[in-house]
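Participant: So the sequences go chain by chain: U and R.
Residues in the first sequence are numbered from 67 upward in steps of one, following the working numbering.
Residues in the second sequence are numbered from 67 upward in steps of one, following the working numbering.
Protein chains: 2
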Amino acid sequence: MVTINDIAKKAGVAKSTVSRYLNGGSVSQKTKAKIERIVNETGYSPNTFAQSLKAKHTKMIGIIVPRLDSYSANEVLSSIDRKLRAKGYQLLITNTDQMIEREIENIYTLAKQKVAGIILMATVITEEHHKAIAEVDVPVLLLGQQAEGLHSIGHQEFEAGYAMGNYAGSLEHKNFLYFSVFKEDVAVGQLRANGVLSAFEKWPDIHVDILETSFSFQKAYELALEVLPKTKATYILCATDNIAMAVLKAAHTLNKNIPSDFSLSGFGGYEVTSIVSPSITTVKYGYKELGEVAVDQLFHLINREEVKNNVLISNTLIKRESTIPK
Amino acid sequence: MVTINDIAKKAGVAKSTVSRYLNGGSVSQKTKAKIERIVNETGYSPNTFAQSLKAKHTKMIGIIVPRLDSYSANEVLSSIDRKLRAKGYQLLITNTDQMIEREIENIYTLAKQKVAGIILMATVITEEHHKAIAEVDVPVLLLGQQAEGLHSIGHQEFEAGYAMGNYAGSLEHKNFLYFSVFKEDVAVGQLRANGVLSAFEKWPDIHVDILETSFSFQKAYELALEVLPKTKATYILCATDNIAMAVLKAAHTLNKNIPSDFSLSGFGGYEVTSIVSPSITTVKYGYKELGEVAVDQLFHLINREEVKNNVLISNTLIKRESTIPK
DNA sequence: AAATAAAATAGAACCGGTTCCAAAAAATAG
DNA sequence: CTATTTTTTGGAACCGGTTCTATTTTATTT
Numbered sequence: 067m068v069t070i071n072d073i074a075k076k077a078g079v080a081k082s083t084v085s086r087y088l089n090g091g092s093v094s095q096k097t098k099a100k101i102e103r104i105v106n107e108t109g110y111s112p113n114t115f116a117q118s119l120k121a122k123h124t125k126m127i128g129i130i131v132p133r134l135d136s137y138s139a140n141e142v143l144s145s146i147d148r149k150l151r152a153k154g155y156q157l158l159i160t161n162t163d164q165m166i167e168r169e170i171e172n173i174y175t176l177a178k179q180k181v182a183g184i185i186l187m188a189t190v191i192t193e194e195h196h197k198a199i200a201e202v203d204v205p206v207l208l209l210g211q212q213a214e215g216l217h218s219i220g221h222q223e224f225e226a227g228y229a230m231g232n233y234a235g236s237l238e239h240k241n242f243l244y245f246s247v248f249k250e251d252v253a254v255g256q257l258r259a260n261g262v263l264s265a266f267e268k269w270p271d272i273h274v275d276i277l278e279t280s281f282s283f284q285k286a287y288e289l290a291l292e293v294l295p296k297t298k299a300t301y302i303l304c305a306t307d308n309i310a311m312a313v314l315k316a317a318h319t320l321n322k323n324i325p326s327d328f329s330l331s332g333f334g335g336y337e338v339t340s341i342v343s344p345s346i347t348t349v350k351y352g353y354k355e356l357g358e359v360a361v362d363q364l365f366h367l368i369n370r371e372e373v374k375n376n377v378l379i380s381n382t383l384i385k386r387e388s389t390i391p392k
Numbered sequence: 067m068v069t070i071n072d073i074a075k076k077a078g079v080a081k082s083t084v085s086r087y088l089n090g091g092s093v094s095q096k097t098k099a100k101i102e103r104i105v106n107e108t109g110y111s112p113n114t115f116a117q118s119l120k121a122k123h124t125k126m127i128g129i130i131v132p133r134l135d136s137y138s139a140n141e142v143l144s145s146i147d148r149k150l151r152a153k154g155y156q157l158l159i160t161n162t163d164q165m166i167e168r169e170i171e172n173i174y175t176l177a178k179q180k181v182a183g184i185i186l187m188a189t190v191i192t193e194e195h196h197k198a199i200a201e202v203d204v205p206v207l208l209l210g211q212q213a214e215g216l217h218s219i220g221h222q223e224f225e226a227g228y229a230m231g232n233y234a235g236s237l238e239h240k241n242f243l244y245f246s247v248f249k250e251d252v253a254v255g256q257l258r259a260n261g262v263l264s265a266f267e268k269w270p271d272i273h274v275d276i277l278e279t280s281f282s283f284q285k286a287y288e289l290a291l292e293v294l295p296k297t298k299a300t301y302i303l304c305a306t307d308n309i310a311m312a313v314l315k316a317a318h319t320l321n322k323n324i325p326s327d328f329s330l331s332g333f334g335g336y337e338v339t340s341i342v343s344p345s346i347t348t349v350k351y352g353y354k355e356l357g358e359v360a361v362d363q364l365f366h367l368i369n370r371e372e373v374k375n376n377v378l379i380s381n382t383l384i385k386r387e388s389t390i391p392k
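Given below as structure tokens:
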């Protein structure tokens with residue numbers, strides 16, 4: 067491996083001069099040309115560690131994701147990756163398998179790797195999150211959730227819920243079943259649900275049964291198998307497209323027809339909802355945009371520039387075959 | 067940040083002694099206890115860069131994936147990640163967006179980051195791949211493809227194709243349409259297809275039309291829209307589940323019924339094929355196992371132990387609603 | 001108790017860069 | 001042509017570890 071010392075020796079200058087050349091310091095035309103030639107000849111490339119040892123940080127951005135096998139996570143990841151690459155940064159992805167303690171652990175791990183910034187896709191923000199984020203000397207940006215005193219960027223969850231509730235109500239259904247997720251998830255478990263309920267207030271005769279399940283396909287499927295045979299609902303709202311797919315499968319298993327037996331809708335805009343039959347009504351989120359704005363925000367944080375504490379990305383309701391008027 | 071010097075000073079020993087303590091060298095019981103206490107008190111943790119500067123490599127494994135938004139890539143990624151974590155290694159994921167030149171670029175980037183090893187999920191192995199792999203001083207393991215002189219691990223593609231061909235032939239269909247991918251992809255474009263055709267040799271009266279499309283859902287969908295109205299085939303074979311899903315959507319768009327108008331099958335065992343209606347016949351690949359074996363193999367390479375040049379993982383045919391006898 | 005062997009330790013060199021400071025060289029002013 | 005200012009350069013120190021060598025301390029043998 068060729069080092070800065072080799073270059074310096076071959077060029078007959080001090081290594082500090084080579085370093086200055088590499089980093090755009092003051093070097094005369096003559097020596098500049100000389101060093102340039104030798105650098106090109108040898109294909110020299112600086113040792114990242116030696117640089118980072120001094121610089122205290124790297125050109126890497128860490129991202130902590132709850133799972134890799136999710137449509138939304140991947141959409142966001144792809145767009146973040148693309149944008150980061152354009153800036154000459156590398157993405158360091160760590161996976162928590164939906165275990166909260168690993169989120170904390172990974173915050174420390176990434177900080178130790180001296181990443182320039184961290185993007186955290188969390189579901190819940192605990193005291194320990196706050197502690198870890200405060201301790202590490204790296205800017206952290208929350209994605210998809212918000213929390214007091216932390217910078218974040220997410221979706222307009224309440225608005226999404228409201229749009230869906232408004233649409234479902236206008237179809238004149240009266241009996242609803244809502245497959246939600248645990249309340250600790252503020253974005254999905256609270257805001258999204260509250261949006262729906264808030265829209266329903268226009269129709270005082272609407273009745274909603276709320277059931278709590280999880281993001282897991284399997285869990286939702288099992289719950290649906292149990293609940294669908296005995297429900298009187300004519301419209302089933304699901305907090306995510308993943309849950310909606312599980313209900314669809316359960317309906318199929320139980321020989322129920324959608325939308326004639328009941329209407330069905332999800333949230334997310336996953337591609338698969340347009341492929342299945344019937345295609346499923348959903349709210350399409352701006353995942354790509356979320357990723358891009360996240361990178362912008364994070365770099366503002368890194369450069370210690372002023373940023374809004376919380377940015378929200380808009381979304382659109384997509385009406386499909388799975389929902390019909392009562 | 068507390069450094070090894072701080073520890074040494076507080077303990078009243080030389081920093082070399084602290085280093086020896088940390089790395090299990092010979093240290094007396096008395097000083098061991100003293101240093102241990104101080105390390106715990108201060109929460110000291112060694113600077114990774116300073117370590118890597120000397121060590122010449124990190125506890126990171128790089129993986130180069132063609133895309134993040136694919137079921138198979140994520141299955142493999144999850145299992146590699148899990149296994150690596152258990153060994154105290156970090157996974158550094160880089161995405162190429164299916165651009166070959168980026169694969170090359172990323173090999174160099176990862177090598178520069180001094181990863182201990184690289185896992186490469188490539189589709190095609192070019193001269194430049196060979197050159198890059200030979201140049202960087204890091205063990206590289208191919209995943210899903212094989213190439214002369216390189217270590218690799220993949221699926222039993224030919225066998226998968228054969229099993230599917232054998233099953234489809236035994237259903238007594240005579241007219242087939244096969245949506246394949248470009249031939250440069252040895253695993254999918256050649257081995258998988260050859261397996262099918264090889265099985266078909268048992269039935270000399272079988273006729274197969276082979277069409278070439280890509281891994282992209284959209285491209286496959288467009289081709290299917292164009293081809294389905296005029297085909298006489300009663301069974302459509304697809305080289306991937308993704309393509310099968312596209313054909314399913316096209317069939318739906320064109321008001322064709324599966325399986326009464328034609329049978330349909332894919333390859334991959336993607337979860338979604340069991341959810342859609344009709345559920346789709348496919349070959350389930352051992353993605354989890356692939357990831358695990360890959361990590362094992364890579365560590366053998368890193369430790370310069372003897373390894374088989376090429377390991378293949380088995381798979382199983384799953385018969386579902388989308389395929390019926392003629 | 002002296003001689004010898006083994007274990008523990010300190011100190012220096014090193015990994016490959018960046019940065020500071022003072023000296024040297026070049027450019028400009030008087 | 002000398003004095004002054006500006007630009008360029010080399011050398012040393014530093015980042016925070018690891019490792020080698022020589023020395024000191026402790027343990028063992030006779």
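Note that the Cβ used here is the ideal one computed from N, Cα and C, for glycine as well.
1) Can a CB atom of chain R be found closer than 9 Å to the CB of Thr108(U)?
2) Spatial neighbours of Asn125(R) within its chain, please: CB distance less than 8 Å, with the 5 preceding and 5 following residues excluded, ordered by chain position.
3) For Arg386(U) and Pro325(U), what's the separation of their Cα atoms in angstroms?
4) Return the residue from the list Leu150(R), Ile159(R) and Thr279(R) that minimises the CA-CA distance to Arg151(U).
5) When DSSP builds the beta bridges, which residues end up paired with Asp251(R)?
6) Interface residues of chain R around Ser111(U) at Cβ under 7 Å?
7) Buried or exposed for Ser94(R), please, with buried defined as at least 16 other CB atoms from any protein chain shown within 10 angstroms of its CB.
8) Using beta-carbon positions only, say whether Leu303(U) and Ser331(U) come within less than 9 Å of one another.
9) Starting from the Cα of Glu167(R), find the closest Cα among Ser145(R), Glu267(R), Glu358(R) and Ile191(R) and give me that residue.
10) Taking CB distances under 9 Å as the criterion, tell me whether Asp163(U) reaches chain R.
11) Which residues of chain R have a Cβ atom closer than 9 Å to the Cβ of Thr114(U), listed in chain order?
12) Using a beta-carbon distance below 9 Å, is Asp315(R) in contact with chain U?
13) Assuming Ala305(U) and Val254(U) make a contact with CB atoms under 8 Å, what is their CB distance in whole Å?
14) Closer than 7 Å by beta-carbon distance: list the chain R residues that pair up with Val361(U), in chain order.
15) Less than 9 Å separating the beta-carbons of Leu277(R) and Val293(R)?
16) Can you pull the chain U residues whose beta carbon is under 7 Å from the beta carbon of Glu358(R), in chain order?
17) Run the CB neighbour count on Gln179(U), radius 10 Å, all protein chains shown included, and call it buried at 16 or more, exposed below.
18) What number of angstroms, rounded off, separates the C-alpha of Met230(U) from the C-alpha of Ile146(R)?
19) Looking at the strands, I want to know which residues DSSP matches up with Gly183(R).
20) If you run the structure through DSSP and keep just helix, strand and coil, what is Val349(U)?
21) Sort out for me which residues DSSP pairs Thr382(U) with in a bridge.
22) Below 9 Å between beta carbons is the criterion; list the residues of the stretch 308 to 341 of chain U that meet it against any residue of chain R, in chain order.
23) Buried or exposed: where does Leu320(R) fall if 16 or more other Cβ atoms within 10 Å of its Cβ makes it buried?
24) Taking the DSSP output, what are the residues bridged to His217(U)?
25) Quick one: list the residues of chain U neighbouring Glu141(R), beta-carbon separation under 8 Å, in chain order.
26) Does the stretch 267 to 275 of chain R touch the stretch 239 to 253 of chain R, meaning 3 or more C-beta pairs lie closer than 8 Å?
27) So, Glu250(U) versus Thr162(U), is the Cβ gap smaller than 9 Å?
28) If you scan the stretch 303 to 344 of chain U from start to end, which runs of the beta strand (DSSP E) of 3 or more residues do you find wholly inside it?
29) Tell me whether Thr382(R) is buried or exposed, calling it buried when 16 or more other Cβ atoms sit within 10 Å of its Cβ.
30) Near Phe283(R), what residues of its chain come up, given a Cβ to Cβ distance below 6 Å and the 5 sequence neighbours on each side ignored?
31) Are the CB atoms of Ala317(R) and Phe328(R) within a distance shorter than 9 Å?
32) Cα separation between Glu193(R) and Ile170(R)?
33) Tell me the rounded alpha-carbon separation between Glu201(R) and Glu201(U).
34) Among Gln212(R), Ile70(R), Ala99(R) and Val338(R), which has the Cα closest to the Cα of Leu378(R)?
35) Contact defined as beta carbons within less than 8 Å: I believe Gly261(R) pairs with Ala226(R). What is the distance between those atoms, to the nearest angstrom?
36) In the structure shown, what three-state DSSP assignment does Tyr301(R) receive?
Facilitator: Reading off the structure:
1) Judged by the 9 Å Cβ criterion, Thr108(U) is not in contact with chain R.
2) In the sequence under discussion, the amino acid at residue 125(R) is Lys, which differs from the Asn named in the question. Excluding sequence neighbours, Lys125(R) sits near Gly154, Tyr155, Gln156 and Ala182.
3) Distance between the alpha carbons of Arg386(U) and Pro325(U): 10 Å.
4) Among Leu150(R), Ile159(R) and Thr279(R), the Cα nearest to that of Arg151(U) belongs to Ile159(R).
5) Its beta-bridge partners do not exist; DSSP assigns none.
6) The contacting residues are Lys178.
7) The residue in question, Ser94(R), is exposed, as its Cβ has fewer than 16 Cβ neighbours within 10 Å.
8) The Cβ atoms of Leu303(U) and Ser331(U) sit closer than 9 Å to each other.
9) The shortest C-alpha separation from Glu167(R) is found at Ile191(R).
10) At least one C-beta of chain R is nearer than 9 Å to the C-beta of Asp163(U).
11) Chain R residues near Thr114(U): Phe115, Ser118, Lys178, Gln179 and Lys180.
12) For the sequence presented, residue 315(R) should be read as Lys rather than Asp. For Lys315(R), the closest Cβ of chain U is nearer than 9 Å.
13) 6 Å between Cβ atoms; contact.
14) Near Val361(U) there are no residues of chain R at all, since even the closest Cβ is about 14 Å away, more than 7 Å.
15) Less than 9 Å separates the beta-carbon of Leu277(R) from that of Val293(R).
16) Here the premise fails: no neighbours, minimum Cβ distance about 15 Å.
17) The residue is buried, with at least 16 neighbouring Cβ atoms inside 10 Å.
18) Our two residues, Met230(U) and Ile146(R), have alpha carbons roughly 39 Å apart in a direct line.
19) Residue pairing by DSSP puts Gly183(R) in a beta bridge opposite Ile127(R).
20) Strand at Val349(U).
21) In the DSSP assignment, Thr382(U) is bridged to Lys350(U).
22) Across the stretch 308 to 341 of chain U, CB contacts with chain R closer than 9 Å involve Met311, Ala312, Leu314, Lys315, His318, Glu337, Val338, Ser340 and Ile341, in sequence order along the chain.
23) Its Cβ having fewer than 16 others within 10 Å, Leu320(R) is exposed.
24) Answer is Leu207(U).
25) In chain order: Asp135.
26) Segments in contact, yes.
27) Taking 9 Å as the Cβ cut-off, Glu250(U) and Thr162(U) do not qualify as a contacting pair.
28) List check, beta strand (DSSP E) in window: 329 to 331.
29) Taking a 10 Å sphere around the C-beta of Thr382(R), we find fewer than 16 other C-beta atoms and assign the residue as exposed.
30) Once the five neighbours on either side are set aside, the close Cβ partners of Phe283(R) are Asn308 and Ala312.
31) In this structure, Phe328(R) sits near Ala317(R), with a CB-CB distance shorter than 9 Å.
32) Between Glu193(R) and Ile170(R), the alpha-carbon positions lie close to 10 Å from each other.
33) Each residue's Cα considered, the two are about 41 Å apart.
34) Checking every option, the nearest Cα to that of Leu378(R) belongs to Gln212(R).
35) The pair is a contact, with the Cβ atoms about 6 Å apart (cut-off 8 Å).
36) Secondary structure of Tyr301(R) (DSSP, three-state): strand.
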